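Report on the following structure.
In this note's numbering, the protein residues as written are -7 to 298.
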């Protein structure tokens, strides 16, 4: 099992390197357009986009907090925010097999909360977020099917891509459905968590939208929402570590080929949004060392017991 995990991690590292090489080549090809786009971006729009990205992170905090509290975990909003930002920081700055969800769970256990419920809430949180994204998926699929340059790919997407994504999503839903048993009798809670998931999506879309506007370009807001949703599901393919490179390449291509942006402009927008997401996770840097130390101590205890 460990050998299989190491092989999978190695392949994802290779995918990450190849994705960054591809991005570097594209950036070199479109370097003049990229430099011109960077010179056009307005500070006001950049700050507005940053505000919406920060608000999207708070939506993520509120979504998990809703599930935790309704699951019987006596945790404060402050502690939930701390754990969420710690997990976000780990996902953005620790490109390893230790994901943000693992860090969130370790931090919750460190606070003395029930492991089973916290683990179930994290799985439910991911499922609710995926559900929120899927509600906007038809907007993305519609654009893929209508795009002229994507017409051959769209036919393949209908027969293969959508089926593969659906199978992946359904498999995830089946694996985590048991995690929702705590909340199935609380539909209002699930709807509240889903509303925060939709809020997160809309805030992210606003961040992209104002970056696009700040570069002097224009895409209808509903198209931005649809393309973000499509990019989210295509980015779920485990080709790279934390989606680095792969996500940027996918969303840049969607904005360029379907949104009608110059590829250099699209690349600048996607990279700026990624940087804003990383900036928004910086508060988690203060608490990550303590959580990681706790994880190391628990790992040593397990090894010693063996």
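C-beta atoms are modelled at their ideal positions from N, C-alpha and C, and glycine is treated no differently. The structure displayed is predicted, hence computed values, not measured ones.
(message) So, for residue 279: in the same chain, excluding its five sequence neighbours on each side, which residues have a beta-carbon less than 6 Å away from its beta-carbon?
(response) Residue 279 sits at position 287 when you count from the first residue of the chain shown. Cβ within range, chain order: 74 and 78.
(request) Count the C-beta pairs between the segment 100 to 112 and the segment 187 to 202 that are closer than 8 Å, then say yes if the count reaches three, no if not. (result) They do not touch, by the three-pair rule.
(request) List the endpoints of the continuous alpha helix (DSSP H) containing residue 265. (result) The residue you call residue 265 lines up with position 273 of the chain shown. First-last of the alpha helix (DSSP H) with residue 265: 255 to 272.
(request) Return the Cβ separation of residue 192 and residue 72 in integer angstroms, given the expectation that the two are a contact with Cβ distance under 8 Å. (result) Start at 1 with the first residue of the chain shown, and residue 192 comes out as number 200. Start at 1 with the first residue of the chain shown, and residue 72 comes out as number 80. Separation of the CB atoms of residue 192 and residue 72 is rounded to 15 Å, and the pair is thereby denied contact status at 8 Å.
(request) Kindly indicate the opening and closing residues of the alpha helix (DSSP H) around residue 178. (result) Counting from 1 along the chain shown, the entry for residue 178 is found at position 186. Unbroken run through residue 178: none, as it is neither H nor E.
(message) For a quick check, are the C-beta atoms of residue 219 and residue 246 less than 8 Å apart?
(response) The count along the chain shown starts at 1 and reaches residue 219 at position 227. The count along the chain shown starts at 1 and reaches residue 246 at position 254. Yes, these two residues count as a Cβ contact at 8 Å.
(request) Assign residue 105 to one of three DSSP states: helix, strand, or coil. (result) On the chain shown, residue 105 is found 113 positions in, with the first residue counted as 1. Coil, per DSSP.
(request) Output yes or no for whether 8 Å exceeds the beta carbon distance between residue 259 and residue 273. (result) Within the chain shown, the letter at position 267 stands for residue 259. Within the chain shown, the letter at position 281 stands for residue 273. Against a cut-off of 8 Å, the Cβ pair of residue 273 and residue 259 comes out as no contact.
(request) Could you tell me the distance, in whole angstroms, from the CA atom of residue 151 to the CA atom of residue 134? (result) Here residue 151 refers to the residue found at position 159 when the chain shown is read from its first residue. Here residue 134 refers to the residue found at position 142 when the chain shown is read from its first residue. With a pLDDT of only 44 at residue 151, under the threshold of 50, the placement of this residue in the model should not be trusted; the figure read from the coordinates follows. Roughly 15 Å between the two C-alpha positions.
(request) With residue 40 as the anchor, note down where its alpha helix (DSSP H) starts and where it stops. (result) Your numbering for residue 40 matches position 48 in the chain shown. Unbroken alpha helix (DSSP H) run through residue 40: 35 to 62.
(message) Given a cut-off of 8 Å on the beta-carbon distance, is the pair residue 96 and residue 123 in contact?
(response) As a working mapping, residue 96 is identified with position 104 in the chain shown. As a working mapping, residue 123 is identified with position 131 in the chain shown. Not a contact, by the Cβ cut-off of 8 Å.
(message) If I measure Cβ to Cβ from residue 308 and keep anything under 8 Å in the same chain, skipping five residues before and after, which residues do I get?
(response) This structure does not reach residue 308, given that the chain is present from -7 up to 298, and the question cannot be answered.
(message) Our contact map puts residue 202 next to residue 81 with C-beta atoms below 8 Å; I'd like the distance itself, whole angstroms only.
(response) Numbered from its first residue, the chain shown carries residue 202 at position 210. Numbered from its first residue, the chain shown carries residue 81 at position 89. The Cβ separation is near 24 Å, so there is no contact.
(message) Distance check for residue 252 and residue 132, CA to CA, integer angstroms please.
(response) Position 140 of the chain shown, counted from the start, is the residue given in the question as residue 132. Position 260 of the chain shown, counted from the start, is the residue given in the question as residue 252. Cα to Cα, the separation comes out at about 14 Å.
(request) Answer yes or no: do residue 206 and residue 33 have a C-beta to C-beta separation smaller than 8 Å? (result) Counting from 1 along the chain shown, the entry for residue 206 is found at position 214. Counting from 1 along the chain shown, the entry for residue 33 is found at position 41. For residue 206 and residue 33, yes; Cβs fall inside 8 Å.
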